[in-house]
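For reference, the structure discussed in these notes is given below.
Protein chains: 2
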Amino acid sequence: MSEPAFIAGDWGTSRLRLYLCDPSGHVLARAEGEGAAVPDCAGRFAAAVAPWDKAHGKLPALLGGMVGSTIGWHEVPYLSCPARPEAIAAAALRFEDDDRAIAIVPGLKCVSRTGAPDVMRGEEVQILGALRLYPELAKGRRIICMPGTHAKWVAVEDGAVMEFQTALSGELFDLLRKHSVLARDGGEVRADSHAFTQGLDFFRRNAQADLLYLLFSTRSRVVTGEMPKADGASYLSGLVLGADVDTAASLFDLSPEDAVHLICTPALAALYGKALAQYGLKINVLDGDACALAGLVRIHTEVFS
Amino acid sequence: MSEPAFIAGDWGTSRLRLYLCDPSGHVLARAEGEGAAVPDCAGRFAAAVAPWDKAHGKLPALLGGMVGSTIGWHEVPYLSCPARPEAIAAAALRFEDDDRAIAIVPGLKCVSRTGAPDVMRGEEVQILGALRLYPELAKGRRIICMPGTHAKWVAVEDGAVMEFQTALSGELFDLLRKHSVLARDGGEVRADSHAFTQGLDFFRRNAQADLLYLLFSTRSRVVTGEMPKADGASYLSGLVLGADVDTAASLFDLSPEDAVHLICTPALAALYGKALAQYGLKINVLDGDACALAGLVRIHTEVFS
């Protein structure tokens, strides 16, 4: 068995995943912890890796995600797009903490097609991981979609992150689901339900109207007896993902037969897969956790060698 | 002084306003109470009007708003559009409660331009009030905008409510303001601020993108240092109202110089007035409470005479 060489940490707002890796990035052990939004990242990190320190000494650590934001451990400035993988690795913030070498990956910023600045922090690690796991993605123009709280649509050209655009899809759906009048007792979201498809279709037929004008149909269809209450969440999800995918198809000039590389969980892949299929787009699903780990491993070889 | 003849009640989800009126609708006394969403409308109504009963006997009462919904006192079915004022009055649900004659105004339903059903309950009373206070509004085609939790855009033709469309503007803004990452410590919304105008402009320049894609700019402009944190709420309000007014202008084929009749509070009138002015639309502001009372008085003469 090979010797441990470094620690990789995927440290988002709400979750920390730690990997003890050998020199080529094989995982020897795992640990978990609370997200970067909880105070005292330094202390919590030290406690989480203490067993590994005892067995192997203080190994260098590479961390990515919100740990590099103002709410995290050490703020790392955003790197501007276009950004190549080696430039992202080179911009990692290096420091010593309690005799350990630590590096934190920078986030990225760009001016999106809307003319506003846009930012990401953590997704850039997954993108680099996807390019490592599937080297063919580093050739030509590729469109990557990263569903989640703040969904990111990313254009990659010959391996460089050119531009991206954030859609508030996950957060907006969760807020409306939990706090609005729209989908109380609205059941579970099911990608294979008629209501989900109906939400997608309804957005598509009315794409000239803003989502703001279509959301209330979730309630009006129920109070007029047209839709069962228990379909509310699926229908609402269809509306929001319809708005997400429809706008992306137009902003990024996607044509039928274009492929979209989805980096996410299987549950989100099922929902987005169905939405993308409505536009004739091909789908390639990549596992989010695997991409994050592969990205950290890739950046590690450039940062610590 | 004239004798009291009836009680008018504007009873929405979160608020009850009661008026003791003489035969021609002049207000002799007022009372307030909790909204229709609180249980036991019958008991709370009886308690609120007990002093008036003691002085004048049990006067008939006309009530409008969510008191006629499934969560209210007695459900009154929605009346379909197009709906003339006399048809709305005729469809009021009449019943006796504890030896008092009570009537509740029906809500309205229509199939909106999106193809989905749409509903209102309470706004129809304000529309009838506006037509009573300003008889010229009952001639030709008029566009009424009723900002609020669920903003309603209404087309009235020769006094009949032809069709309407709900935008989730107020509820969406409140949810994003209170619960999202977008505008924490985002200050107060000011119609005369640069940030509010910037939000309106940004939506207008990007109207082909859905609001879902523009919301995150509230955060990204702050984290990149382009906008002060304290401008967040005004900017976000500009974005949401920009989406509201832009979509209405296109759905209802509004042209510069068309007039929009705003029924709302002065604070909302300032915000919507600025948004509408961007599209060259003329604005006529009507007070929401005054319209509600005038509507109840108008319906009363048809229901109880």
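Protein chains in written order, with the numbering used here: chain P, 1295 to 1599; chain L, 1295 to 1599.
For glycine and all other residues, C-beta sits at the position ideal for the given N, C-alpha and C.
message = Strictly below 8 Å CB to CB, what residues from chain L border K1523(P)?
response = Within the first sequence, residue 1523(P) is the residue found at index 229, counting from 1. Those do not exist, as K1523(P) stays about 11 Å from chain L at its closest Cβ, beyond 8 Å.
ask   = Nearest to V1534(P) by CA position, among L1508(P), S1544(P), S1514(P), T1559(P), is which residue?
value = In the first sequence, counting from the first residue as 1, residue 1534(P) sits at position 240. Selected option, being the one with the closest Cα: L1508(P).
request  = Please go through the same chain and pick out, in chain order, the residues whose beta-carbon is closer than 6 Å to the beta-carbon of S1528(L), but skip the five residues on each side of it.
outcome  = In the second sequence, residue 1528(L) corresponds to position 234, counting from 1. Closer than 6 Å at Cβ, skipping near neighbours: V1483, R1484, S1487, A1489, F1490.
inquiry  = Counting only Cβ pairs nearer than 8 Å, list the residues of chain P close to Y1566(L).
reply    = One-based indexing of the second sequence puts residue 1566(L) at position 272. Within chain P, no residue comes near Y1566(L); the closest Cβ sits about 14 Å away, beyond 8 Å.
ask   = By the criterion of Cβ-Cβ separation under 9 Å, what are the contact partners of E1520(L) in chain P?
value = On the second sequence, position 226 is the one that residue 1520(L) refers to. The answer, in chain order, is A1410, P1411.
key: Nearest-angstrom beta carbon gap, E1380(L) and G1401(L) [assumed within contact, 8 Å]   = Residue numbering aside, residue 1401(L) sits at position 107 when the second sequence is read from its first letter. Residue numbering aside, residue 1380(L) sits at position 86 when the second sequence is read from its first letter. With a Cβ gap of about 17 Å, G1401(L) and E1380(L) do not count as contacting.
key: Beta-carbon proximity list for E1610(L), same chain, < 6 Å, skipping 5 on both sides   = Given a span of 1295 to 1599 for chain L in the structure shown, any question on residue 1610(L) remains unanswerable.
request  = Using alpha carbons as the reference points, say which of N1500(P), M1414(P), Y1313(P) lies closest to T1541(L).
outcome  = Stepping through the second sequence from its first residue, residue 1541(L) is reached at position 247. Among N1500(P), M1414(P), Y1313(P), the Cα nearest to that of T1541(L) belongs to N1500(P).
key: Whole-angstrom distance between A1445(L) and L1425(L), CA atom to CA atom   = Position 131 of the second sequence holds residue 1425(L). Position 151 of the second sequence holds residue 1445(L). Roughly 19 Å between the two C-alpha positions.
query = How about D1504(L) and D1504(P): do their beta carbons lie closer than 9 Å?
reply = Translated into positions along the second sequence, residue 1504(L) becomes position 210. Translated into positions along the first sequence, residue 1504(P) becomes position 210. Taking 9 Å as the Cβ cut-off, D1504(L) and D1504(P) qualify as a contacting pair.
ask   = Do you know how far the Cα of D1452(P) is from the Cα of L1431(P)?
value = In the first sequence, the residue the question calls residue 1431(P) occupies position 137. In the first sequence, the residue the question calls residue 1452(P) occupies position 158. Their backbone Cα atoms lie some 8 Å apart in a straight line.
message = Can you find the residues in the same chain that come closer than 6 Å, C-beta to C-beta, to D1479(P), ignoring five residues on each side of it along the sequence?
response = Position 185 of the first sequence holds residue 1479(P). Correct list, in chain order: K1523.
ask   = Which stretch, first to last residue, makes up the beta strand (DSSP E) that contains P1411(P)?
value = The residue given as residue 1411(P) occupies position 117 in the first sequence. Per DSSP, P1411(P) belongs to the beta strand (DSSP E) from 1411-1414.
query = Going along the chain, which residues of the stretch 1414-1446 of chain P sit with their C-beta nearer than 7 Å to a C-beta in chain L?
reply = H1444
request  = Write down the C-beta distance between G1337(P) and S1308(P) rounded to the nearest angstrom, noting that I regard them as a contact closer than 8 Å.
outcome  = For this step, residue 1337(P) is matched to residue 43 along the first sequence. For this step, residue 1308(P) is matched to residue 14 along the first sequence. Contact annotation, G1337(P) with S1308(P): C-beta distance approximately 18 Å; criterion of less than 8 Å not satisfied.
query = Can you tell which of G1526(L), R1498(L), G1327(L), L1590(L) has the C-alpha that lies nearest to the C-alpha of A1569(L)?
reply = Counted from its first residue, the second sequence places residue 1569(L) at position 275. Nearest C-alpha to A1569(L): R1498(L).
ask   = Roughly how many angstroms lie between the CA atoms of F1546(P) and A1349(P), to the nearest whole one?
value = Counting from one through the first sequence, the residue named residue 1546(P) turns up at place 252. Counting from one through the first sequence, the residue named residue 1349(P) turns up at place 55. Approximately 50 Å between the Cα atoms of the pair.
message = Relative to the C-alpha of S1374(L), which candidate in R1415(L), A1537(L), D1392(L) has its C-alpha closest?
response = In the second sequence, residue 1374(L) corresponds to position 80, counting from 1. The shortest C-alpha separation from S1374(L) is found at R1415(L).
task = Anything in chain P within Cβ reach of L1587(L), meaning under 7 Å, just list it in chain order.
result = Indexing the second sequence from 1 puts residue 1587(L) at position 293. Residues of chain P passing the Cβ test: none, with the nearest at roughly 26 Å.
inquiry  = If the criterion is Cβ atoms closer than 9 Å, does the pair Y1573(P) and A1543(P) meet it?
reply    = Within the first sequence, residue 1573(P) is the residue found at index 279, counting from 1. Within the first sequence, residue 1543(P) is the residue found at index 249, counting from 1. It is a contact, given that the beta carbons lie within the stated cut-off.
Contacts around I1301(L), its chain only, beta-carbon distance under 8 Å, and the 5 residues preceding and following it disregarded = Position 7 of the second sequence, counted from the first residue, corresponds to residue 1301(L). Once the five neighbours on either side are set aside, the close Cβ partners of I1301(L) are L1312, Y1313, L1314, C1315, V1343, W1346, L1353, P1354, A1355, L1356.
message = Between V1591(L) and chain P, is the shortest Cβ-Cβ distance under 9 Å, so that the two count as touching?
response = Translated into the one-based positions of the second sequence, residue 1591(L) becomes position 297. Answer no: the Cβ-Cβ gap between V1591(L) and chain P never drops below 9 Å.
DSSP bridge partner residues for H1555(P) (one or two, in chain order) = Here residue 1555(P) is taken as the residue at index 261 of the first sequence, counted from 1. For H1555(P), which the question treats as bridged, DSSP gives the partners I1438(P), N1578(P).
Short Cβ contact (9 Å threshold) for A1395(L) with I1593(L) = In the second sequence, residue 1395(L) corresponds to position 101, counting from 1. In the second sequence, residue 1593(L) corresponds to position 299, counting from 1. Taking 9 Å as the Cβ cut-off, A1395(L) and I1593(L) do not qualify as a contacting pair.
request  = Please confirm if L1508(P) has its CB atom under 9 Å from at least one CB of chain L.
outcome  = Here residue 1508(P) refers to the residue found at position 214 of the first sequence. Taking Cβ atoms only, chain L reaches closer than 9 Å to L1508(P), which makes this a yes.
ask   = Of all Cβ atoms in chain L, is any one closer than 9 Å to the Cβ of E1328(P)?
value = In the first sequence, residue 1328(P) corresponds to position 34, counting from 1. Taking Cβ atoms only, chain L never reaches closer than 9 Å to E1328(P), which makes this a no.
ask   = Could you give the distance in angstroms between the alpha-carbon of T1460(L) and the alpha-carbon of E1551(L)?
value = Here the question's residue 1460(L) lines up with position 166 in the second sequence. Here the question's residue 1551(L) lines up with position 257 in the second sequence. The C-alpha of E1551(L) is placed about 23 Å away from the C-alpha of T1460(L).
ask   = H1473(P) touches chain L at which residues, Cβ-Cβ below 7 Å?
value = Working through the first sequence from its first residue, we reach residue 1473(P) at position 179. Chain L residues near H1473(P): L1469, H1473.
ask   = Rounded to the nearest angstrom, how far is the Cβ of P1441(P) from that of C1585(P), given a contact under 8 Å?
value = Translated into positions along the first sequence, residue 1441(P) becomes position 147. Translated into positions along the first sequence, residue 1585(P) becomes position 291. Not really, about 13 Å apart at Cβ, beyond 8 Å.
ask   = Thinking C-alpha only, which one of Y1428(P), H1473(P), S1406(P) is nearest A1449(P)?
value = Translated into positions along the first sequence, residue 1449(P) becomes position 155. It is S1406(P) whose Cα lies nearest to the Cα of A1449(P).
Whole-angstrom distance between P1376(P) and I1382(P), CA atom to CA atom = In the first sequence, counting from the first residue as 1, residue 1382(P) sits at position 88. In the first sequence, counting from the first residue as 1, residue 1376(P) sits at position 82. Computed Cα separation, rounded: 10 Å.
task = Using the DSSP secondary-structure output, state which residues sit across from G1327(P) in a beta bridge.
result = Here residue 1327(P) refers to the residue found at position 33 of the first sequence. The secondary-structure analysis by DSSP pairs G1327(P) across a beta bridge with L1310(P).
key: Closer than 7 Å at the beta carbon, the chain L residues around S1463(P)   = For the purposes of this step, residue 1463(P) is taken as the residue at position 169 of the first sequence. In chain order: L1506.
task = Alpha carbon to alpha carbon, how far is G1359(L) from V1517(P)? Give it in angstroms, no decimals.
result = Locating residue 1517(P) in the first sequence gives position 223, counting from the first residue. Locating residue 1359(L) in the second sequence gives position 65, counting from the first residue. Cα to Cα, V1517(P) sits roughly 15 Å from G1359(L).
Buried or exposed (CB count within 10 angstroms, at least 16 for buried), S1599(P) = Here residue 1599(P) is taken as the residue at index 305 of the first sequence, counted from 1. S1599(P) is exposed by the Cβ-count criterion.
request  = Kindly list the residues whose CB is nearer than 6 Å to the CB of A1299(P), restricted to its own chain and excluding five residues on each side of it in sequence; keep chain order.
outcome  = The sequence position of residue 1299(P) within the first sequence is 5, counting from 1. Closer than 6 Å at Cβ, skipping near neighbours: D1316, P1317.
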